[in-house]
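Numbering of the sequence shown is given in our numbering, commencing with residue -17 and proceeding in unit increments. Below is one structure, written out as structure tokens, with a few remarks after it.
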Amino acid sequence: PVNDFPPDANSLEAYQIYTYQGIGLTHKVGSSVPVQVEVRDHQGLETISSVLLEAPDLFSGILELNLSNTMDERIIFDGIVTNSLGAGIGEYPVLTRVIDKETDPNLGQVDAWNVIGFKVTEYGYPLRDLCRVEISDPSGMFFMGRDPENFPIELYGLADPGHMHPVAPFLISKYEITAGEFASFIAADGYNHPEWWSTEGWAWRVSNNVSMPPSWGTTFQGEHKPDLPISVRYYEAEAFCNWLGGRLPTEPEWELAARGEDHRLYPWGNVWEPTFCAVTQNPDFSKFRDRLWCLAGTFGEQGASPFGLIDCAGNLPEWVNHWASEFDYWPNGFYIYEQWASGNFDPIPGPNPGYLPKKIVRGGGRTGNEYDLMTFVRWRCSIHSTAASSGFRIVFDLIE
């Protein structure tokens, strides 16, 4: 429970760790509910204070660990850090101390190498790696949409006209949210807490008697496949993000995070490389896929975006918070990009009356081709269907 924090250094035991990726801690006595935390992978953040300056509300607290920088395999804990593979790492106390981020006078001098920040909710949740996305140009704007100089073929008119678009800095999950992460939402009884759902989402959940993601617990997806990206309906993705105090990315945010500032066609550059992403055109896809798609990050950093995001092309398409009303020619053939190109950056206010409400999805999918997976290409997906589902990422606003 939240009231148990900050914890005493001797009151916790670790149950598993993936070095430099994540660590899970749980109370020694009276609780099997994990306290979930995030390791930021030291993305240019040398001290604790720099993390707090970037996102002061991202962490509930900070733990200083006694870890060896030689650990590179999965470690199983039982009160002390023990090398499960017998490689001579030895044993270390799990916690050195709990750092009070509000009052510690030496906070600015604490090295970030052996510390982790944890985010506490009533039930706990493992925040995975986050990437900071920020436009370097002083204007705060990036090029969004189809660049006719880079891609002259007018295949996707709904990404026209390309234009300069403002986006404020934000944090976004490096990987698509996984089944293991979504399982924490289910364990938190997330389908029975209306405060985490939008009004429309709760009405959809109740009217359709939705209590879990599609195909949950089957061979397709579930808690037994924790590293597989989760495929959910829009309102489920929205509720998960609300639960954690985050949100879904807007469409401009997603495109900036996937594309960067240099108008590139793919997250990795301008040349189609199917081996860089989880698509059926990749000759290794069938080797690594788990039923329909691949584990998060299967094809690694080679396909990363300029901001470090993985799997922005292929695997699962991803929900973004943007109505797809212009696909229904609402109103009278209006396209939102025309409005944005004129300097009015307001989003579409809602669904097109008379049509099924739809949201935009980005990133293509496992069956996409070299055109489908371009960073500016847009698709639509119904949000009232109980069958239509996609992946998603979570965004946290930065306090500047």
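Built from N, CA and C at the ideal position, the CB exists for glycine as well. Values in this document were obtained by computation on a predicted structure and should not be read as measured data.
Residue from 325, 296, 301 and 331 with nearest C-alpha to residue 308: Residue mapping note: residue 308 aligns to position 326 of the sequence shown, counting from 1. Residue 331 is the option with its Cα nearest to residue 308.
According to DSSP, is residue 183 part of a helix, a strand, or is it coil? The residue you call residue 183 lines up with position 201 of the sequence shown. In the structure shown, residue 183 sits in a helix (DSSP, three-state: H, G or I).
Can you give the Cα-Cα distance for residue 305 and residue 317, rounded to whole angstroms? Locating residue 305 in the sequence shown gives position 323, counting from the first residue. Locating residue 317 in the sequence shown gives position 335, counting from the first residue. Answer to the nearest angstrom: the Cα atoms are 12 Å apart.
Helix, strand or coil at residue 133 according to DSSP, with G and I counted as helix: In the sequence shown, the residue the question calls residue 133 occupies position 151. Looking at residue 133 - three-state DSSP - the assignment turns out to be coil, as it is neither helix nor strand.
Mind checking whether residue 160 and residue 211 have CB atoms under 8 Å apart? The residue given as residue 160 occupies position 178 in the sequence shown. The residue given as residue 211 occupies position 229 in the sequence shown. Contact: yes.
Neighbourhood of residue 280 by C-beta distance below 7 Å, restricted to the same chain and skipping five residues each side: The residue given as residue 280 occupies position 298 in the sequence shown. Taken in chain order, the residues that qualify are 260 and 270.
Whole angstroms are fine: how far does the CA of residue 127 sit from the CA of residue 359? Reading the sequence shown from its first residue, position 377 is the one you call residue 359. Reading the sequence shown from its first residue, position 145 is the one you call residue 127. Going by the C-alpha atoms only, they are around 8 Å apart.
At what residues does the alpha helix (DSSP H) containing residue 324 begin and finish? Translated into positions along the sequence shown, residue 324 becomes position 342. No alpha helix (DSSP H) contains residue 324, which DSSP labels as neither H nor E.
Using the beta-carbon count (16 or more within 10 Å), is residue 163 buried or exposed? Translated into the one-based positions of the sequence shown, residue 163 becomes position 181. Buried, by the Cβ-count rule.
Under a Cβ-count criterion, where at least 16 other Cβ atoms within 10 Å of its own Cβ denotes burial, should residue 224 be classed as buried or exposed? Within the sequence shown, the letter at position 242 stands for residue 224. Residue 224 is buried by the Cβ-count criterion.
Could you have a look at residue 378 and say whether DSSP puts it in helix, strand or coil? Along the sequence shown, read from residue 1 onward, the residue named residue 378 stands at position 396. Of the three classes helix, strand and coil, the one that applies to residue 378 here is strand, per DSSP.
Do residue 247 and residue 125 count as a contact pair if the criterion is CB distance below 8 Å? For this step, residue 125 is matched to residue 143 along the sequence shown. For this step, residue 247 is matched to residue 265 along the sequence shown. Going by C-beta atoms, residue 125 is not nearer than 8 Å to residue 247.
Under the three-state DSSP convention, the category residue 260 falls into: Along the sequence shown, read from residue 1 onward, the residue named residue 260 stands at position 278. Looking at residue 260 - three-state DSSP - the assignment turns out to be strand.
Taking all protein chains shown into account, do 16 or more other C-beta atoms lie within 10 angstroms of the C-beta of residue 135, making it buried, or fewer, making it exposed? Position 153 of the sequence shown, counted from the first residue, corresponds to residue 135. Answer is exposed; the Cβ neighbour count stays below 16.
For residue 152, write down the residues that DSSP places opposite it in a beta bridge. Indexing the sequence shown from 1 puts residue 152 at position 170. For residue 152, which the question treats as bridged, DSSP gives the partners 115 and 379.
If I measure Cβ to Cβ from residue 190 and keep anything under 7 Å in the same chain, skipping five residues before and after, which residues do I get? To locate residue 190, count along the sequence shown from 1; it is residue 208. 368, listed in sequence order.
According to DSSP, what are the bridge partners of residue 211? Looking up residue 211 in the sequence shown gives position 229. BP columns for residue 211 point to 160.
Measure from the alpha carbon of residue 373 to the alpha carbon of each residue in 179, 156 and 301, then state which is nearest. Looking up residue 373 in the sequence shown gives position 391. Comparing Cα positions, the closest option is 301.
Residue 346 beta carbon less than 8 Å from that of residue 295: In the sequence shown, the residue the question calls residue 295 occupies position 313. In the sequence shown, the residue the question calls residue 346 occupies position 364. Cβ atoms of residue 295 and residue 346: closer than 8 Å.
Determine the direct distance from the alpha carbon of residue 238 to that of residue 252, and round the result to whole angstroms. Residue mapping note: residue 252 aligns to position 270 of the sequence shown, counting from 1. Residue mapping note: residue 238 aligns to position 256 of the sequence shown, counting from 1. If you take the alpha carbons of residue 252 and residue 238, they lie about 15 Å apart.
Quick one: give me the first and last residue of the beta strand (DSSP E) that residue 303 is part of. As a working note, residue 303 is residue 321 in the sequence shown. First-last of the beta strand (DSSP E) with residue 303: 300 to 305.
Suppose the cutoff is 7 Å on Cβ atoms and the five residues either side in sequence are ignored; what does the same chain contact list for residue 366 look like? Indexing the sequence shown from 1 puts residue 366 at position 384. 186, 338 and 339.
Please determine, among 87, 123 and 111, the residue with the shortest C-alpha to C-alpha distance to residue 327. As a position in the sequence shown, residue 327 is number 345, starting the count at 1. Ranking the options by Cα distance to residue 327, first place goes to 123.
Enclosing alpha helix (DSSP H) for residue 361 [first to last residue]: One-based indexing of the sequence shown puts residue 361 at position 379. It is not in any alpha helix (DSSP H) - residue 361 instead sits in the beta strand (DSSP E) that spans 361 to 364.
Taking a contact to mean a Cβ-Cβ separation below 8 Å, would you say residue 231 touches residue 371 in this structure? Numbered from 1 along the sequence shown, position 249 holds the residue referred to as residue 231. Numbered from 1 along the sequence shown, position 389 holds the residue referred to as residue 371. It is not a contact, given that the beta carbons lie outside the stated cut-off.
For residue 353, which of helix, strand or coil comes out of DSSP? The residue labelled residue 353 in the question sits at position 371 within the sequence shown. DSSP places residue 353 in coil when its eight states are reduced to three.
Could you tell me which residues DSSP pairs with residue 284 in its beta bridges? Counting from one through the sequence shown, the residue named residue 284 turns up at place 302. Answer is none; residue 284 lacks a bridge partner.
For residue 333, count neighbouring Cβ atoms within 10 angstroms of its own Cβ and tell me buried if that reaches 16, exposed if not. Start at 1 with the first residue of the sequence shown, and residue 333 comes out as number 351. Buried: at least 16 other Cβ atoms inside 10 Å.
Beta carbon of residue 168 nearer than 8 Å to that of residue 113: Within the sequence shown, residue 168 is the residue found at index 186, counting from 1. Within the sequence shown, residue 113 is the residue found at index 131, counting from 1. Taking 8 Å as the Cβ cut-off, residue 168 and residue 113 do not qualify as a contacting pair.
So what does residue 225 bridge to, in DSSP terms? Within the sequence shown, numbered from 1, the residue matching residue 225 stands at position 243. The partner list for residue 225 (beta bridge, DSSP) is empty, contrary to what the question assumes.
Please report the straight-line C-alpha distance between residue 198 and residue 204, rounded to a whole angstrom. For the purposes of this step, residue 198 is taken as the residue at position 216 of the sequence shown. For the purposes of this step, residue 204 is taken as the residue at position 222 of the sequence shown. Cα to Cα, the separation comes out at about 5 Å.
Run the CB neighbour count on residue 200, radius 10 Å, all protein chains shown included, and call it buried at 16 or more, exposed below. As a working mapping, residue 200 is identified with position 218 in the sequence shown. Exposed: under 16 other Cβ atoms inside 10 Å.
Straight-line gap, residue 274 to residue 348 (C-alpha atoms, nearest Å): The residue given as residue 274 occupies position 292 in the sequence shown. The residue given as residue 348 occupies position 366 in the sequence shown. Distance between the alpha carbons of residue 274 and residue 348 is about 8 Å.
Assuming residue 243 and residue 119 form a contact by the criterion Cβ under 8 Å, report the distance between their Cβ atoms to the nearest whole angstrom. Counting from one through the sequence shown, the residue named residue 243 turns up at place 261. Counting from one through the sequence shown, the residue named residue 119 turns up at place 137. Yes, they are in contact, since the Cβ atoms of residue 243 and residue 119 sit about 7 Å apart, within 8 Å.
When you compare only the Cα positions, how much space is there between residue 217 and residue 351? Translated into the one-based positions of the sequence shown, residue 217 becomes position 235. Translated into the one-based positions of the sequence shown, residue 351 becomes position 369. Whole-angstrom Cα-Cα distance: 28 Å.
Between residue 322 and the rest of its own chain, which residues show a CB-CB distance below 8 Å, the 5 nearest in sequence each way excluded? For this step, residue 322 is matched to residue 340 along the sequence shown. Around residue 322: 126, 145 and 147.
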